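These notes are about the structure you will find just below.
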């Protein structure tokens, strides 16, 4: 029971830090000549809700993560590279 409570506290802290990061990102400024302008002029530029919903509906299965493409190819070969077994 206490372990579950500790996990919940960690999750709450994660959400708080994530929100702080998003607040910082939303307030980001870039230089435009001598003045600064917001990076995101509209909320939709920061987070396109409709686009994300569309992505969820269209994806029946998750796309392969590009970080693991090499590992995937290796596993499909049976774990062999140049005749050696890994």
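Numbering (the working numbering), first residue to last: 26 to 111.
Yeah, the Cβ is synthetic: ideal placement off N, Cα and C, and Gly gets one too.
From a predicted model like this one, the values you see are computed outputs, not experimental measurements.
Three-state secondary structure (DSSP) of residue i
{"i": "residue 35", "result": "helix"}
{"i": "residue 27", "result": "helix"}
{"i": "residue 69", "result": "helix"}
{"i": "residue 44", "result": "helix"}
Beta-carbon gap between residue i and residue j smaller than 8 Å
{"i": "residue 35", "j": "residue 53", "result": "no"}
Counterpart residues of residue i in DSSP-defined beta bridges
{"i": "residue 76", "result": "Looking at the DSSP assignment, residue 76 forms no beta bridge with any residue, so it has no partner."}
{"i": "residue 57", "result": "60"}
Supposed close pair residue i, residue j - CB separation, criterion 8 Å
{"i": "residue 51", "j": "residue 71", "result": "6 Å"}
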